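Shown next, in structure tokens, is the structure this report addresses.
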Amino acid sequence: MKYFILIYFLIYLLLNCQIVKANPKKPLSLNETNIAISIIQSLYNISLNDSDEICDYNGCFECKEIDINRYVITSIKMLNSLNNFIVFQDLSVFEYLSELQIGENVQLPSSFYNNTLNSLSLLRKLKVSYQGHPFPDKFILPKLLTQVEFSLISVPLNSNWFEYYVNTFSIYNSLAGFEYQNFTNQYYNLMVLVLPLNYINSDLPPMKQFINLEILILKIYNDMSVQGYNNFTINSINQDYYKLNYLEVSFINSGNDATIQKFPLQQSLLSKLKFTLRELYLFGIGFNIDPIVGYLDFTIMSNYNFKLTIKRTCDLVNQCMGNGNNSCIIVSNDSHITISGCPTSYSTKSPSTTSVASSTNVPVDGTTSAASSLSFSNCLFLIGLYVCYHSFKSF
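Residues 1014 to 1408 in the working numbering are what the sequence shown spells out, letter by letter.
Structure representation (structure tokens):
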């Protein structure tokens, strides 16, 4: 039995050695290696030597083995450069790139969109912190590119982005120079759209052109203490929508009521959405009651189980004239209301079926948990311990 135990552990050590040897350095192609080293040198003034250093450096590059002893870069994250940096490196060498993230102080030039973007045939997600170089009038997008995000933009946006396969498009804020250009066709692939409104640009593109748009999120910047601020209107949101079922309006400001511009929530907007809208989520100080109506009437919403969420603002529910029953909000008997932190009154066709909650029901992305697993060598080791234990018990 002692010889059996010795032989077992020799086999275990041998297998472990083979497993270690099966993970040598991660060899990238020469082109990928050279461009990656150049990017890190430009971003952080740091020199890397080989593929292992590239793949392991600070999460900038994700490497994946696609063949025996062959690795490629599948994700690039150029985050927070020390100096202003324009990416003139030839990114087309990264043939297996599926995600490109451009951080602060880093910019993509016009030539990237004109010459490089379409060559990244596996690119699925593009995320850019700031776009200050103009887009070409016409450029081709990869067929797999479905998610595009700009945190800040100061150049015109043309409809070229929506003529391909992008289904989620986001712009979180804009500067002078931003505008919408040439939105004349119908666009069928876009389903989720995030757009800003501010005193520089308070327009929206024609929403009825987005035939399958289901989710619209508006970021409205209404803090009058910002230098150069001028009052503006948000009448552009009061337009026809084809099949919108979720609308979120978030007001971005300091929270100081004295320096916040406010806008009436028009009943006419609800009328335009009454056949499609399933959920309305209002966040932050910005909307107040339309003085012409004096209260909010959601009974016109035709969708069963219509959801209304109001968070971090009480103007909509406290500053109203009521409908004759001292109610600021009227909803159908199958609706769901969540109002955070505001005492208010409302009425329904059947009051027992609707309630005011102190928490917020905000739609969130589903998450999955990854189960932990044991490697083959660890399992073998545990089996060995079990055998040893019972072997020594039998002595």
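Heads up, the beta-carbon is just placed ideally off N, CA and C, and yes, glycines get one too. Since this is a predicted model, take the numbers as computed values, not measurements.
Annotation for L1061: I1050, I1053, I1067 and Y1070 place their beta carbon closer than 7 Å to its own, counting only its chain and skipping 5 residues before and after. The DSSP-derived three-state label of Q1222 is helix.
Look at V1344 here: in three-state DSSP terms it is strand. Along the length of the stretch 1053-1106, whole alpha helix (DSSP H) runs at least 4 residues long occupy 1064-1069, reported in chain order. For the pair F1264 and I1230, the CB atoms are not nearer than the 8 Å cut-off. Residue range K1320 to K1324 is occupied by the beta strand (DSSP E) that includes K1324. The alpha-carbon of R1325 is positioned some 7 Å away from that of G1354.
Of all C-beta pairs linking the stretch 1078-1095 to the stretch 1107-1114, three or more are shorter than 8 Å, placing the two stretches in contact. Ranked by Cα distance from K1275, the first of I1059, L1329, L1188 and F1163 is L1329. Classified as exposed, T1246 has fewer than 16 neighbouring CB atoms from the shown chains inside 10 Å of its CB.
In the displayed model, Y1193 falls within a strand according to three-state DSSP.
Residue range D1328 to N1331 is occupied by the alpha helix (DSSP H) that includes L1329. DSSP places K1287 outside any beta strand (DSSP E), giving it a letter other than H or E.
DSSP places Y1126 in the helix class (H, G or I) of the three-state scheme. DSSP places S1187 in the strand class (E or B) of the three-state scheme. Secondary structure of T1046 (DSSP, three-state): helix. At least 8 Å separates the beta-carbon of Y1242 from that of Y1201.
A straight-line Cα-Cα distance of about 15 Å links I1302 and V1262.
Secondary structure of S1134 (DSSP, three-state): coil. Boundaries for F1245: no beta strand (DSSP E) harbours it, and the DSSP string shows neither H nor E there. The beta carbons of Q1194 and P1169 sit about 5 Å from each other, so the pair counts as a contact at 8 Å. The Cβ neighbour count for G1072, taken over all protein chains shown within 10 Å, is under 16; the residue is labelled exposed. Cα atoms of H1349 and L1295: separation of roughly 14 Å, rounded to the nearest angstrom. When the five nearest sequence neighbours on each side are left out, the beta carbons in the same chain lying within less than 6 Å of the beta carbon of F1288 are those of S1315, in order along the chain.
K1138 and T1159 have their C-alpha atoms roughly 6 Å apart.
Collapsing the DSSP output to three states places N1173 in a helix. The beta carbon of Y1259 is closer than 6 Å to those of I1228 and E1292 in its chain, skipping five residues each way along the sequence. Taken atom to atom, the span from the alpha-carbon of N1266 to that of T1046 is near 45 Å.
In this structure, S1249 sits near S1215, with a CB-CB distance shorter than 8 Å.
Under the three-state reduction of DSSP, Q1240 is assigned to coil, being neither helix nor strand.
Here Q1332 is exposed, its C-beta having fewer than 16 other C-beta atoms within 10 Å. Assignment of Q1280 by DSSP, reduced to helix, strand and coil, places it in the helix class.
Beta-bridge annotation (DSSP): T1159 is not paired with any residue. The three-state secondary structure of S1051, taken from DSSP, is helix.
For F1125 against V1141, the beta-carbon gap comes to about 10 Å, at or over 8 Å, which does not count as contact.
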